[in-house]
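Visitor: Counting from 17, one number per residue, gives the positions in the sequence shown under our numbering.
Heads up, the beta-carbon is just placed ideally off N, CA and C, and yes, glycines get one too.
Structure provided below as structure tokens; questions to follow.
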Amino acid sequence: MSGNAAMHRPLGGFDATTAGIGSIVGAGVFVVFPAAVAADGGPLALPLAIAAVVAYACAVAIFQISAALDEGQANYDDGGTRAARVILGPTAAFVTGWIFLCSRLAAAAVAALMLGAYLLPDYGVAVAIGAVTVTALLNLAGATRSDWVSRFIVAFVIAVLAFVAVVAFNSDQPGGVPKLATLPEPGFSGILESSALLYFAFIGYGYLASLGPHVRSPGRNIPLALPAAIAVVLGLYLVLGESLLSYFGAPGLAAETAPLTVPVSEVSGGVGTGVVLIAAAAAGLGALSALNAGGARIAASMAAEGELPRLFGSQRSLLRGRPETPWVGVSAGAGVVIVLILAFPAPTLLGVAAFTGLLYAGGTAVIAFTLRSRRWYTPRALNVLGLAGALLLALSLPLLDIALGLMAVVAGAVVRLTFRRGRSDAGGRPGGPRQPD
């Protein structure tokens, strides 16, 4: 869920792996463990392993799609809509882009509420809305981060997570009456739901899988970097999750909204809490900025293909000397995220983000399955595993989360049908010939 600046020179295998780790570790890890424990009653190792396997299978699908297209087409800044259009046609392109857009908006709402829960829990919603507004204004102003700044933030966040794990393993919970949640009996359905929620913490793998144009010998380096990055992140999450379980116990961890601050609260007179809050702010604001800008690029790409009103493709530089930005998409995306924050609690938004993210992952597995050219490490069986795993995990989530996610998808179908019918009544697509479905 973290964002990275575009690479300006080809990366080697090690740099690609570190970039992949940085793209995966982000705001999700600060909030996902309590929800996962509340779903399955406590165990984290098996759900984390399942989530990692599904993430790897779907990451390979994105790599296959990216490698099958030329450099201009294989740009996942548009959510894969161009790739889906080339391989399966316009309808698949719209569905792919819309679901990816929905997952980004829900993920941004989760990241914003995470910031509120950590920084100022009594005013969490206000902090979340303020963070969304500030990052959108910075994106409108054309603010960007350098590669070195992104790498420093990622290194700092990972170091803080390791610090929390060490402290939690070596500390006892403070006295007083602890907060305890009522947990379900452990079972297969709970493990699947927990895996679906934990998948959200791996969802940044697509950045690495589509890095082909920026990596030296991508056919060799990316297939090695993908499993390496996911394995390193899985190891980090296992250590952190087990340390939190050791410190809180399952009922205590499930009841926490900002679990990473509690174990370090007694370290050096509040210094531990301070570094965790800084890490949470860096991860949350970075994710919000990247998700807002990425969503606007997806909307602009869909507008360029005639799938959304052309207004979403409008580019404007609000400050002299700064790059142009798709200002309508940036503004509209921030508005939608604020509505989501006001309308739904964080656990529901986390479920919706996981559901739509898994739907998108399943869609990429379908597209990859249709490709004829493949290497020994990209068999169709891996695409089938990705599709089956993504759908199984998605359908294991609570019915409310599934219903809200499906409502968002149906809303996209209504938008597309209405918009395309309006174009047809007006005599065709503005700015170019209408592409057949």
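Are the beta-carbon atoms of Ile354 and Val148 separated by less than 8 Å?
Guide: Start at 1 with the first residue of the sequence shown, and residue 354 comes out as number 338. Start at 1 with the first residue of the sequence shown, and residue 148 comes out as number 132. Against a cut-off of 8 Å, the Cβ pair of Val148 and Ile354 comes out as a contact.
Visitor: Locate the alpha helix (DSSP H) running through Arg232, then write down its first and last residues.
Guide: For the purposes of this step, residue 232 is taken as residue 216 along the sequence shown, with counting starting at 1. No alpha helix (DSSP H) holds Arg232; DSSP gives it neither H nor E.
Visitor: Check the DSSP bridge columns for Thr341 and list the partner residues they point to.
Guide: Indexing the sequence shown from 1 puts residue 341 at position 325. DSSP lists Arg332 as partners of Thr341.
Visitor: Please identify the residue among Val41, Leu208, Pro339 whose C-alpha is closest to the C-alpha of Gln331.
Guide: The sequence position of residue 331 within the sequence shown is 315, counting from 1. Nearest option by C-alpha distance: Pro339.
Visitor: Are there three or more Cβ pairs, one per stretch, closer than 8 Å when the region 283–292 is compared with the region 73–80?
Guide: No: fewer than three Cβ pairs fall under 8 Å.
Visitor: Starting from Arg396, trace the alpha helix (DSSP H) both ways and give me its first and last residue.
Guide: One-based indexing of the sequence shown puts residue 396 at position 380. Per DSSP, Arg396 belongs to the alpha helix (DSSP H) from 396–411.
Visitor: Let me make sure I understand the geometry here. Which of Leu62, Glu321, Ile81 has the alpha-carbon closest to that of Ala377?
Guide: Here residue 377 is taken as the residue at index 361 of the sequence shown, counted from 1. Checked all of Leu62, Glu321, Ile81; the closest Cα to Ala377 is Ile81.
Visitor: Given a cut-off of 8 Å on the beta-carbon distance, is the pair Leu62 and Gly311 in contact?
Guide: In the sequence shown, the residue the question calls residue 62 occupies position 46. In the sequence shown, the residue the question calls residue 311 occupies position 295. For Leu62 and Gly311, no; Cβs fall outside 8 Å.
Visitor: Quick one: grab the DSSP three-state call for Leu85.
Guide: Locating residue 85 in the sequence shown gives position 69, counting from the first residue. Leu85 falls in the coil class under three-state DSSP.
Visitor: Taking the CB atoms as reference points, tell me whether Ala51 and Pro363 lie closer together than 8 Å.
Guide: For the purposes of this step, residue 51 is taken as the residue at position 35 of the sequence shown. For the purposes of this step, residue 363 is taken as the residue at position 347 of the sequence shown. Closer than 8 Å, so yes.
Visitor: Using the rule of at least 16 other Cβ atoms within 10 Å of the residue's Cβ for burial, across every protein chain shown, is Thr434 buried or exposed?
Guide: Taking the first residue of the sequence shown as position 1, residue 434 is located at position 418. Burial call: exposed.
Visitor: Just tell me which of Ala271, Ala184, Pro106 has its CA closest to the CA of Glu258.
Guide: The residue given as residue 258 occupies position 242 in the sequence shown. That would be Ala184, whose Cα lies nearest to the Cα of Glu258.
Visitor: Mind checking Phe30: buried by the 16 CB within 10 Å criterion, or exposed?
Guide: Within the sequence shown, numbered from 1, the residue matching residue 30 stands at position 14. It counts as exposed.
Visitor: Check whether the region 150–164 touches the region 342–351, counting contact only when three or more Cβ pairs, one atom from each stretch, lie closer than 8 Å.
Guide: Counting Cβ pairs under 8 Å, three or more are found: they touch.
Visitor: For Leu129 and Ala54, I'd like the C-alpha separation in whole angstroms.
Guide: What you label residue 129 is simply residue 113 of the sequence shown in a count that begins at 1. What you label residue 54 is simply residue 38 of the sequence shown in a count that begins at 1. Roughly 18 Å separates the two Cα atoms.
Visitor: Using DSSP's beta-bridge definition, name the partner residues of Leu27.
Guide: For the purposes of this step, residue 27 is identified with residue 11 of the sequence shown, where counting begins at 1. Bridge partners of Leu27: Val231.
Visitor: On a CA-only basis, which of Ala270, Ala296, Gly421 is nearest Phe49? Give me that one, please.
Guide: Counting from one through the sequence shown, the residue named residue 49 turns up at place 33. Minimum Cα distance to Phe49 is reached at Ala270.
Visitor: Between which two residues does the alpha helix (DSSP H) carrying Arg120 extend?
Guide: Walking along the sequence shown from the start, residue 120 turns up at place 104. Where Arg120 is concerned, the enclosing alpha helix (DSSP H) stretches over 106–135.
Visitor: In chain order, which alpha helix (DSSP H) runs of at least 4 residues are fully inside the region 250–287?
Guide: DSSP runs (the alpha helix (DSSP H)) wholly in the region 250–287: 266–270.
Visitor: Between which two residues does the alpha helix (DSSP H) holding Val41 run?
Guide: Reading the sequence shown from its first residue, position 25 is the one you call residue 41. First-last for Val41: undefined, no H or E at that position.
Visitor: Could you please give the first and the last residue of the uninterrupted alpha helix (DSSP H) stretch that includes Ile207?
Guide: Counting from one through the sequence shown, the residue named residue 207 turns up at place 191. Note, Ile207: alpha helix (DSSP H), 204–215.
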